[in-house]
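Report on one structure; see the data block that follows.
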Amino acid sequence: MAVEAKICGLTRPEDAAAAAEHGATYLGVVFASGPRMVTPARALTIVAAARGVPVLGVFGSQTVDEILDTAATARLAGAQLHGDYSGADAARLRAAGLKVWRVVRIAAVSDLDRLEVAATDADAVLVEPRVAHAAGGAGVALALSVACQARARLAGRRMVLAGGLTPVGVAGAVALVRPDVVDVSSGVEHLPGIK
Numbered sequence: 523m524a525v526e527a528k529i530c531g532l533t534r535p536e537d538a539a540a541a542a543e544h545g546a547t548y549l550g551v552v553f554a555s556g557p558r559m560v561t562p563a564r565a566l567t568i569v570a571a572a573r574g575v576p577v578l579g580v581f582g583s584q585t586v587d588e589i590l591d592t593a594a595t596a597r598l599a600g601a602q603l604h605g606d607y608s609g610a611d612a613a614r615l616r617a618a619g620l621k622v623w624r625v626v627r628i629a630a631v632s633d634l635d636r637l638e639v640a641a642t643d644a645d646a647v648l649v650e651p652r653v654a655h656a657a658g659g660a661g662v663a664l665a666l667s668v669a670c671q672a673r674a675r676l677a678g679r680r681m682v683l684a685g686g687l688t689p690v691g692v693a694g695a696v697a698l699v700r701p702d703v704v705d706v707s708s709g710v711e712h713l714p715g716i717k
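According to this note's numbering, the sequence shown holds residues 523 to 717 in order.
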């Protein structure tokens, strides 16, 4: 099984071009608050530098209308939904032609119960650890035993593994968990947003 890779938290076009050149399958730009947040105009320059690699926007508290406006302005291929988005929200974004990745943040094994619901209206489910005061890019890894349980619950569905992945540890995580996509951000940075 070939595992795809997403480089997330891009803030500079030159990093997008380098990621595309080195084989990234997807790229990500962040519109949720944080050190990697970009404007739609900045995201458009990143999309232009991506050489056809699909770019997803990471959203946290925006309305569906705001996501659609941002996606149109920045020419995004999809939306990665953190936060309280419903299946109807995801369906509306998909109807507009966007790929939808729904995020399930795991703090306890009981959080795995949310995976099936998230998968219903999504093209992929991104699984990452729940970290206090952070919505991604915190460099904290999900316990691999829990990630394996998530993979089992998402059998037949696209799973994206995120959280604390670095060039050193990603191969072991892939061999054990067998995700469809790995999503890296802080693990390939010099500084937040600088890859």
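Just so it is clear, CB atoms sit at the ideal spot from N, CA and C, and this is done for glycine as well.
Computed from a predicted model, the values in this text were never measured in an experiment.
Exercise. Cβ atoms of G609 and E650: under 8 Å apart, would you say?
Worked result: Start at 1 with the first residue of the sequence shown, and residue 650 comes out as number 128. Start at 1 with the first residue of the sequence shown, and residue 609 comes out as number 87. The Cβ-Cβ distance between E650 and G609 does not fall below 8 Å.
Problem set entry | Best match in L549, I716, V525 for proximity to R597 [C-alpha to C-alpha] | The residue labelled residue 597 in the question sits at position 75 within the sequence shown. Looking at the Cα atoms, L549 is the closest of the given residues.
Exercise. Which residues share a DSSP beta bridge with F581?
Worked result: The count along the sequence shown starts at 1 and reaches residue 581 at position 59. For F581, which the question treats as bridged, DSSP gives the partners L603.
For this session: Could I get the ranges of all uninterrupted alpha helix (DSSP H) runs contained in the segment 534-596, with 4 residues as the minimum, in chain order?
Result: Every alpha helix (DSSP H) of 4 residues or more that sits fully in the segment 534-596 is shown, in chain order, as 535-543, 562-571, 586-596.
Problem set entry | Residue range of the unbroken alpha helix (DSSP H) whose run includes A524 | Start at 1 with the first residue of the sequence shown, and residue 524 comes out as number 2. Counting along the chain, no alpha helix (DSSP H) covers A524, and no H or E run does either.
Exercise. Whose C-alpha, out of T533, R675, V696, R680, is nearest the C-alpha of L687?
Worked result: The residue given as residue 687 occupies position 165 in the sequence shown. The shortest Cα separation from L687 among T533, R675, V696, R680 belongs to V696.
For this session: Rank R680, G715, P714 by C-alpha distance to the C-alpha of A527 and give the top, closest one.
Result: For this step, residue 527 is matched to residue 5 along the sequence shown. Checked all of R680, G715, P714; the closest Cα to A527 is R680.
Problem set entry | Exposure label - R573; buried when at least 16 CB within 10 Å | What you label residue 573 is simply residue 51 of the sequence shown in a count that begins at 1. Exposed: under 16 other Cβ atoms inside 10 Å.
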